[in-house]
Every structure is written in C-alpha cells, then in structure tokens.
Amino acid sequence: MLKFVTICCLLGWAGWAVGQEIPPYIKQCRRSDPGLTDCLKEALQHLRPYLSSGIPEIKLPSVEPFVMDQLSLQLTGGPQGYRINLKNMEVFGASNFTVRSIKLADGSKPFETRLTIPRLTIHAKYTSSGVLIIIPASGSGDFDAVFDGVTADVKGLVSTNEKPTGMHLRVEKLDLNLSIKKPRLSVSKIFNNNRILTEATNLFLKENGHEVLRALQPQLQKKLSSEFTGIANQLLDNVPIHFFIVD
Ligand SMILES: *[C@@H]1O[C@H](CO)[C@@H](O)[C@H](O)[C@H]1NC(C)=O
Ligand SMILES: *[C@@H]1O[C@H](CO)[C@@H](O)[C@H](O)[C@H]1NC(C)=O
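Throughout the sequence shown, residue numbering follows mature numbering (1 follows the signal peptide of the UniProt record, and there is no 0), covering -19 to -1, 1 to 228 in sequence.
And the structure:
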C-alpha cells in the first residue's frame, strides 16, 4: 500500500513538475501590472508564429492555411438564379493579425477584441449553376479571393472550470464581425476551359465584389467563429489560467 502511494505520488509530482513549466508559446502577464491590457495584447501577438506552425504538444493544428469545408452562395434570385458552391476552402493569412484593442470579460459582460489582418486570401474549388446575365453558368473550377484590409471584431463569453492542472477558461460563445476594405474575387481553370464563361464570371465577380462578399460574409463569419472557438479551447483546455496571468 505504502509502495503504491509512493509511486503514485512520485508520478504525480513528476507530472506536476513538467506541467508547471511555462511553455514557450505563453507570454505571462501579471494581474497587478498597470499595463495588463497591453501585456495581454502582446501575449496574443506572441502566439502568432505558434498558431502559424501549430503546437503539436497540445494537438493544435496550424492555422496556415485554415481549412473550411464548404459555403454556398445564392447570388441572383429566381428559379435560374446564379449560385456558387465553394468547397475545400483554404484561408491564408489569419495568423498575421495585429491586436488593436482588448477588453477582458467582466461578470456577464463578454470579452472583446479587435484584430486587423493586412491580407486574407482564400483558395477554393467551386461549382456554379444557374444563369449569369444570359449565359448558362453551370461550371466548376478554382475560386480565389483576396481580402485586403480586414478588421475582425470578436466578442466572446467564457466560463471557468476546475481541473487537476488548475482553473481553466473555456470559450462558450464567440461572435465575430468582419469588415473588408477591398475584396477581389476571381475564378480560373474552369472545367472545359470555357473562356466566355470564365470572362463573364470574372466580370460579374469584379463588378459585384461587395455584393458577393455580403452574401459570403455571414457564413464566413459563422465558420470562422466556430473554428476560432475550437482553436481557443484547444489551447485553454491544455493551459490553466495561472500560466497566462500570475498574481
Ligand atoms: C503579415 O503582415 C505584414 C504587415 O503587417 C506584411 O508585411 C506581411 O507580408 C504579412 N505576411 C503574410 C504571410 O501575410
Ligand atoms: C456584429 O454586428 C452586429 C450587428 O451590427 C452587432 O449586434 C454585434 O454586437 C457585432 N458583434 C461584434 C463582435 O462586434
């Protein structure tokens, strides 16, 4: 019995000792620091290269690219309405953010942060159907989007839970709004190399970039916020609060 207790506690101690080391992707802040908000901004920015490469120790995948399954856009109305489905979406540039502001959660109030990203690019496969102006627009090929000047406003609700490693935070709800200064959308490598359809589609995307973006945005925001929640929780689930903020 004594032996069992000794072994268990030695193992426990070893686990504790290893687990107490601050991992390199964490930049610690002090609660008493008058510049706590600035410290937290830096701590978030400190994570960027780690988000970009992924953190295998805690099974956090790389966000470059950030992979999303699919989105469906109805771009013109009517029975022959022009519709685009995007799949195998890869988003590049998400880890290249700058934290502009940060507000901690306070009681029932959510935490808030504003990030800017100079450029997000999306590469996807698309299929389209319906009629575009007067051209039957059934086709498939590559879809590319370049979003310059991206601002993301994020609001989130967090809960805390006690684990053997200490108190952990958990993101329960994340609300994300994107604003994009300059969207550029295009298609290429259309099936059968249909030049007229390629040109008509690109003309449409160029002239209606902001409308297409408006159709794309709610789904994109929803997908990004659920993906970000997953990433944040993967991190928070593995790292207790006292690693991020010490008294
Ligand atoms: C990251 O952003 C900086 C500007 O803030 C820019 O110069 C750089 O090219 C960007 N890198 C990537 C990979 O997007
Ligand atoms: C997003 O925009 C909606 C509508 O303008 C607003 O109610 C919501 O609070 C915004 N969310 C964030 C995270 O800014």
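Beta carbons are placed, not taken as given, at the ideal position from N, Cα and C, and that holds for glycine.
Asked                                                                                               : Found
Glu188: CB within 8 Å of a non-hydrogen atom of ligand 2                                            : no
Inside the stretch 20 to 61 only - beta strand (DSSP E) runs reaching at least 3 residues           : 47 to 55
Beta strand (DSSP E) runs wholly inside the stretch 62 to 107, at least 3 long, in chain order      : 64 to 73 and 79 to 84
Range of the contiguous alpha helix (DSSP H) that encloses Ala213                                   : Gly190 to Asn219
Distance cut-off 8 Å: Lys136 Cβ against heavy atoms of ligand 2                                     : yes
Residue environment, Phe209, which counts as buried when at least 16 other CB atoms sit within 10 Å : buried
Close Cβ partners of Val227 (< 8 Å) along its chain, the five nearest in sequence each way excluded : Gln9, Cys10, Arg11 and Arg12
Span separating the alpha-carbon of Gly35 from that of Gln61                                        : 44 Å
Assigned exposure category for His191 - 16 Cβ within 10 Å defines buried                            : exposed
Residue range of the beta strand (DSSP E) that includes Ile161                                      : Gly147 to Ser169
Closest by C-alpha distance to Ile161, when choosing among Lys90, Leu178 and Ala133                 : Ala133
Bridge partner(s) assigned by DSSP for Arg11                                                        : Val227
Per DSSP, the bridge partner or partners of Pro117                                                  : Val112
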